[in-house]
Ligand SMILES: Cc1cc2nc3c(=O)[nH]c(=O)nc-3n(C[C@H](O)[C@H](O)[C@H](O)COP(=O)(O)O)c2cc1C
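Residue numbers (the numbering used here): 1 to 187.
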């Protein structure tokens, strides 16, 4: 479904440049040790030591890459009610003081990224539209909405592909419904 969306965008905008970040195969920098210390140092207004500065510059690169996009497409499965760890890792990396949000005690948190259209394709075995999720809640949608709004990305459209488990006809129908949704004009 995500690939179909990109193909459609290419038809509408032949000069579209696509920067694909395959979170499942690309080695993201670890977010621990010096990177974590750099985040706290920045929050406290302290300078960074050389190791922290190196870790921070990798994070800046990822944020620059995101910020260069005029629109964003996320394609993800639901895992254990929410996002898979690879996507959570990415969100933890790009959610940074001075880069994507600012905190001031008087004003609270201010997002720093300019808003732009974000489409999120979510595959799940549970169908949350019809309630065929066997009691499992959808924490992915509210989490991603809040996490992206926190950094300034508020114009989010979710496209659900569900259910992806069960009889093949039901799965095919789910994909067909999502593809039909792509063709609808965005409100
Ligand atoms: C580790 C794991 C956890 C999952 N947790 C959920 C879940 O909480 N709710 C749900 O509806 N589906 C869950 N699923 C099913 C996947 O969301 C579903 O199979 C989806 O189509 C996988 O997408 P993919 O084929 O693009 O990897 C889970 C699958 C895996 C592997």
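Glycine included, each C-beta is placed from N, C-alpha and C at the ideal position. Note that the structure is predicted; figures quoted are calculated from it, not measured.
Check, Outcome
"For residue 47, three-class secondary structure by DSSP", "coil"
"Identified DSSP bridge partners for residue 132", "127"
"At least 3 beta-carbon pairs within less than 8 angstroms: the segment 137-145 vs the segment 100-114", "no"
"Collapsed DSSP secondary structure at residue 116 in the structure displayed", "coil"
"Neighbourhood of residue 164 by C-beta, 6 angstroms cutoff - its chain only, sequence neighbours within 5 removed", "123, 125, 171"
"DSSP three-state assignment for residue 153, whether helix, strand or coil", "coil"
"Bridge-paired residues (DSSP) for residue 11", "In DSSP, residue 11 forms no bridge with anything."
"C-beta contact flag for residue 161 and residue 151 at 8 angstroms", "no"
"Closest residue to residue 29 among 136, 89, 67, 85 (Cα-Cα distance)", "89"
"Member of 108, 115, 131, 130 whose CA lies at the smallest distance from the CA of residue 43", "108"
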